[in-house]
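Numbered as in this note's numbering, the sequence shown ends at 339 without a single skipped number. Backbone N, C-alpha and C fix where the C-beta goes; we use that ideal spot for every residue, glycine too. All figures in this text were calculated on a predicted structure; none of them were measured in a lab.
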Amino acid sequence: MHHLLAEEKLCLDKLNRPLKALRISITDKCNRKCSYCLPENYALNRPFIKEDDYLSIPEITSIARSFVKLGVDKIRITGGEPLLRPGVVEIVEDLSATAGVRDLSLTTNGLLLKRFARSLKSAGLGRVTVGIDISVDYSNILTGLDEAKRVGFKNTKINVVIQRGLKQESLLKLTKYCRDNELILRFIEFMDAGNCNNWAPEEVISAESIIHWISYHFPLVASDSNYYGEVASRYKYKDGKGEIGIIASVTKPFCRDCTRARISADGKFYNCLFASSGFDLKKALHSGLEGEALEETLSSLWAGRIDRYSEERQLFRNSGIKLKKVEMFQIGG
Ligand code: SAM
Ligand code: SF4
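What follows is the structure, encoded as structure tokens:
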């Protein structure tokens, strides 16, 4: 793990974790219905955020600027499916023009990537991550990935949620594709985010077992983390043809290194991916909160942070308490 430099500006929470990264969800709508996130039958009956209730683009920018003043230098735009949000390119433009944002990325399911890749690149987006559901046909996403490469995106990551019953053939095919196309494949353990995805411990396949399996086909060697707070453990292919990552949030929780604040599309500030409720920033902005007062509010919300759900998961399960948690499509992973 890398050590933090003494001169770095730090806003620390109750467990001494610095605020370094911000994830902004810009819509809860999605053109996919992945069973691990937004199951079809659940999506049918639920109201999504109304356009009027979204944070506006200037509100997103102003919140992001305040976070940057508190030490954030990494911002990820997410959803739902962020490419469905009207004005997504403008949002990228504004955030990329914000001084102090060192790393601006966007997570998408890739369905609209072919159409948007060029304008996202021109707007200043640094990197894209594409979430692929390998239980369905994903060939149409590959054209989006080709386009992203063509317009100059580098270090593109592919996220795959691994769940019991996954098709090994499909996984192997995608692994080969990523090796051949300079894409960084990352396996994410199926998480009990939200309450709608029918999560059960038996559905989780450990990331470690995936590493063994991949290594059997393409030998791997463990590699160092890139930066403090990186959630993926990295492995390089022994033949030098790229790398993969695993995000073992269930079997090896990494709460103690979690440096991320999260904002939902309707402006709720969440301290944790598994939180039950968030602070209503939109309401606060509407009642005049801005500038230094906004920074102070964000800073005190972070300072009070004690969340470490993944490390406490078993305690909650043993206690039988059924927590109400924000859904993955609302907060963006
Ligand atoms: N729609 C975009 C996408 O799919 O990449 C962005 C939003 S999605 C909620 C962000 C990430 O969360 C995706 O990479 C997805 O694979 C991951 N994800 C969703 N549900 C998950 C779950 N239950 N466990 C682990 N990862 C999950
Ligand atoms: Fe799938 Fe992403 Fe949509 Fe969730 S938000 S249903 S992970 S595509």
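- Shortest alpha-carbon distance to L226 belongs to which of A254, R240, S125? Checked all of A254, R240, S125; the closest Cα to L226 is R240.
- In chain order, what residues of the same chain have a beta carbon less than 6 angstroms from the beta carbon of R133, not counting five sequence neighbours either side? Excluding positions up to five away in sequence, the list reads S111, N161.
- Message: Only counting the same chain, and skipping five residues up and downstream in sequence, which positions put a Cβ closer than 8 angstroms to that of L356?
- Response: With the chain covering only 7 through 339, there is no way to say anything about residue 356.
- Query: For N161, is the beta carbon positioned less than 7 angstroms from some heavy atom of ligand 1?
  - Reply: It does not: the Cβ of N161 is nowhere closer than 7 angstroms to a heavy atom of ligand 1.
- Going by the beta-carbon positions, is the gap between I269 and I30 smaller than 8 angstroms? Cβ distance < 8 angstroms, so I269 and I30 count as in contact.
- Message: Taking 7 angstroms as the cut-off, is the C-beta of L28 nearer than that to any heavy atom in ligand 2?
- Response: Within 7 angstroms of the C-beta of L28 there is not a single heavy atom belonging to ligand 2.
- Mark G339 as exposed unless 16 or more other C-beta atoms lie within 10 angstroms of its C-beta, in which case mark it buried. G339 should be labelled buried.
- Message: Going by beta-carbon coordinates alone, are C36 and G86 separated by less than 8 angstroms?
- Response: Against a cut-off of 8 angstroms, the Cβ pair of G86 and C36 comes out as a contact.
- Does DSSP put R224 in a helix, a strand or coil? According to the sequence as given, residue 224 is Phe; it is not Arg. For F224, the three-state secondary structure derived from DSSP is coil.
- CA-to-CA distance, K242 to S231, given in whole angstroms: One C-alpha to the other measures close to 12 angstroms.
- How many whole angstroms separate the CB atoms of E333 and A199, which I take to be in contact at a CB cut-off of 8 angstroms? So it is a contact: roughly 7 angstroms between Cβ atoms.
- Task: Kindly examine ligand 1 and report whether one of its heavy atoms sits closer than 7 angstroms to the Cβ of Y42.
- Result: The answer is yes for Y42.
- Query: Name the DSSP bridge partner or partners of S176?
  - Reply: Bridge partners of S176: none, in fact.
- S286 versus F224: straight-line alpha-carbon distance, rounded: It should be noted that the sequence gives Asp, not Ser, for residue 286. Each residue's Cα considered, the two are about 47 angstroms apart.
- Is it buried or exposed for Q320, if we count other Cβ within 10 angstroms and need 16 for buried? Flag for Q320 reads exposed.
- Message: Can you find the residues in the same chain that come closer than 7 angstroms, C-beta to C-beta, to D100, ignoring five residues on each side of it along the sequence?
- Response: Around D100, the same chain offers I63, T67 as residues with beta carbons nearer than 7 angstroms, after the five sequence neighbours per side are excluded.
- Message: Between the region 289 to 298 and the region 145 to 162, can you find at least three pairs of beta-carbon atoms closer than 8 angstroms?
- Response: The region 145 to 162 is not in contact with the region 289 to 298.
- Task: With DSSP collapsed to three states, give me the class of D79.
- Result: Residue state, collapsed to three classes: coil.
- Using three-state DSSP, classify V136 as helix, strand or coil. Here V136 sits in strand by DSSP.
- Item | For Y315, three-class secondary structure by DSSP | It is helical.
- Inter-residue spacing [alpha-carbon to alpha-carbon] between S215 and R262: Cα to Cα, S215 sits roughly 23 angstroms from R262.
- Report yes if the C-beta distance between L61 and F335 is below 8 angstroms; otherwise report no. No, the pair does not count as a contact, with Cβ atoms beyond the cut-off.
- Reference G171, options I97, E296, D139, N165, closest by Cα: Put simply, of I97, E296, D139, N165 the residue whose alpha carbon is nearest the alpha carbon of G171 is D139.
- Item | E195, buried or exposed, once every other Cβ within 10 Å from all chains shown has been counted against 16 | Under this definition E195 is a buried residue.
- Is it right to say I97 is buried, meaning 16 or more other beta carbons lie within 10 angstroms of its own, or is it exposed? So I97 counts as buried.
- Is P259 buried or exposed, if buried means 16 or more other CB atoms sit within 10 Å of its CB? Under this definition P259 is a buried residue.
- Message: For ligand 1, I want to know if C36 counts as a neighbour, meaning its beta carbon is within less than 7 angstroms of at least one of the ligand's heavy atoms.
- Response: Distance from the C-beta of C36 to the nearest heavy atom of ligand 1 is below 7 angstroms.
- Helix, strand or coil: which one does DSSP assign to E301? Secondary structure at E301: helix, using DSSP grouped into helix, strand and coil.
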